[in-house]
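Below is one structure, written out as C-alpha cells; comments come after it.
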C-alpha cells in the first residue's frame, strides 16, 4: 500500500480514536489526558499495535502541541496580571516550590539519576495542571469562590517560573558549559522582562499590529508568529515553549480573546497528539518497575500541594474550609509535567515511565481531591467532636467546649 495512503489511514484512526476517548471522558466527568496517555502506550513501542508510518508526523504534531499549550496559557494573562501576582503571591510561590519540587529531587537522587533527571523530576512534581484545575473549578461551580483567586495566583506564579525553568532545563539537556548555560538563562530572563515591559507600556500597539476583523487572517498571523518566535527561541536554547508563552503575554485585550476562541480547537487537537506521542515513546514494560516510586511521589505531593493551598489561602485570610478546597484543587498534574519529561527524557532513560505513571495517578486523583478534601476533613473533625462528647470520653463540659471550638473553626 502507498505510504501516503497508510499515513492517512493511521492518522484518521488515531484522531477518531482520540475523539471517542474525549467524548467518553466528558461523559464520566474526568480529564481525557490519562486516556490519551494510555492510548499512546497501547500503540507505541512494545504496545499492542505499534504505529509505524505516522509516528514521525505525530512527533511534529506533538511539538506544535507544546507550543500551542504555552501560547494559550500566555493569552490567558495580561502583563499587569502577571506583575500583580508576582508582587502579591511570591511567598506562596516560594512555599509551593520548596514543598513540591523537593520530593521529586529527593526521589530522583534516590534512584541514582544525574543532575538533569533530578531537576526534571523536581519540575514534574512541582507544576500543577492549569488546564485540568480550571476545568475542575468550573465543573464544581467554584469560579466565584473566595479561594479561587488564590488558586489562580499560585498557578500564575508557576507559569512565570516556567519561563525561567524551561530555559535552564533545555540548557542542561543540551550539555553546554556553565558559562553558556548562564548566558542562556540570562537571555531568557532579559527577554521575559522586556516582553512584560513592552506589553505593559505598548500592549495596545502590539495587539493592534496583529489584530484583524477577518478570523482567517488573525489565526494565520498569530499562529505563524508563534511558530516563528518559538523556532527562534529554540535556536537560542531558550525553549520554544517559553517563546510561545511570551507571544501570548504580548497580545492582550479583545485580540487575545478572539485569538483564544480561534486557537482553542487547534490547541485541543495538537495537545491530544502531544499526549499520545508521549505515550507512544514510553515502553509499557518500563512502568511496573517504577510504579512504587511513582506511587510514593503521588502520595507525598498530594499532601504537599494541599499544604501549599492551605498556606496561600491563609495569607488571603480565608477560613479553614476554603484553605482545604484550595489545597485539594492544586493536586492535579498534567500537561506541563509531560512537557518537562519530554524535554529531558532523552538524557534520563527512567524519566519517561516515572512521569507517565505519576501523571496518570494525579490527573485522576486531582479532581477527586478537589471535590472531597474539604468534606472528608470536615467529616473527620465532626466524628472526633462526637467521640469527645460521649459519656465515656472527656467530661461533658470539655466535650461541649471542644464541639463549640470545632463549630467555630468551620464558621
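Numbering (our numbering), first residue to last: 131 to 541.
Glycine residues also receive a C-beta, built at the ideal position from the N, C-alpha and C atoms.
- The three-state reading of DSSP puts residue 510 in helix, counting H, G and I together.
- The beta carbon of residue 191 sits closer than 6 Å to the beta carbons of 400, 403 from its chain, once the five residues preceding and following it are set aside; these are given in chain order.
- By the Cβ neighbour-count rule, residue 210 is exposed, with fewer than 16 other Cβ atoms within 10 Å of its own.
- Classified as exposed, residue 361 has fewer than 16 neighbouring CB atoms from the shown chains inside 10 Å of its CB.
- Contact holds between the segment 457-468 and the segment 253-265, because three or more Cβ pairs, one in each stretch, are under 8 Å apart.
- Restricting attention to 493, 471, 472, the CA atom closest to the CA of residue 461 is found in 493.
- With fewer than 16 other CB atoms across the displayed protein chains lying within 10 angstroms of its CB, residue 365 is exposed.
- Distance from the Cα of residue 197 is smallest, within the candidate group 502, 372, 479, 405, for 372.
- Taking the CA atoms as reference points, residue 459 sits about 29 Å from residue 246.
- For residue 445, the enclosing alpha helix (DSSP H) has its first and last residue at 417-445.
- In the three-state DSSP reduction, residue 462 falls in the coil class, being neither helix nor strand.
- In the structure shown, residue 413 falls within a coil segment according to DSSP collapsed to helix, strand and coil.
- Between residue 277 and residue 456, the C-beta gap is smaller than 8 Å, which places the two residues in contact.
- Going by DSSP, residue 205 is part of the alpha helix (DSSP H) stretching over 185-205.
- Cα atoms of residue 227 and residue 142: separation of roughly 41 Å, rounded to the nearest angstrom.
- Counting of Cβ neighbours within 10 angstroms places residue 359 among the buried residues, the total reaching 16 or more.
- In the structure shown, residue 215 falls within a helical segment according to DSSP collapsed to helix, strand and coil.
- When the alpha-carbon of residue 204 is set against those of 237, 225, 386, 164, the nearest one is in 386.
- Residue 345 is positioned such that its CB atom lies closer than 8 Å to that of residue 392.
- Sixteen is the threshold: when 16 or more other Cβ atoms of the shown chains lie within 10 Å of the Cβ of residue 160, as they do, the residue is buried.
- Remark: C-beta atoms of residue 251 and residue 271 do not approach each other more closely than 8 Å.
- Between residue 337 and residue 382, the CB-CB gap stays under 8 Å.
- With fewer than 16 other Cβ atoms inside 10 Å of its own Cβ, residue 158 counts as exposed.
- Here residue 188 is near residue 406, since their CB atoms are less than 8 Å apart.
- Judged by beta-carbon spacing, residue 477 lies within the 8 Å limit of residue 303, meaning their Cβ atoms are closer than that value.
- By the neighbour-count definition (other C-beta atoms within 10 Å, threshold 16), residue 173 is a buried residue.
- Per DSSP, reduced to three states, the secondary structure at residue 165 is helical.
- The C-alpha of residue 220 lies about 10 Å from the C-alpha of residue 288.
- The C-beta distance from residue 170 to residue 408 rounds to 6 Å, short enough to meet the 8 Å contact threshold.
- Ranked by Cα distance from residue 195, the first of 431, 356, 503, 256 is 356.
- Annotated three-state conformation of residue 395 is helix, per DSSP.
- Inclusion of residue 200 and residue 471 in the CB contact set at 8 Å is not warranted, their separation being larger than that value.
- Residue 212 places its beta carbon less than 8 Å from that of residue 379.
- When 497, 484, 495, 498 are compared, the shortest CA-CA separation from residue 248 is found for 484.
- When the Cα atoms are used, residue 426 and residue 231 turn out to be separated by approximately 14 Å.
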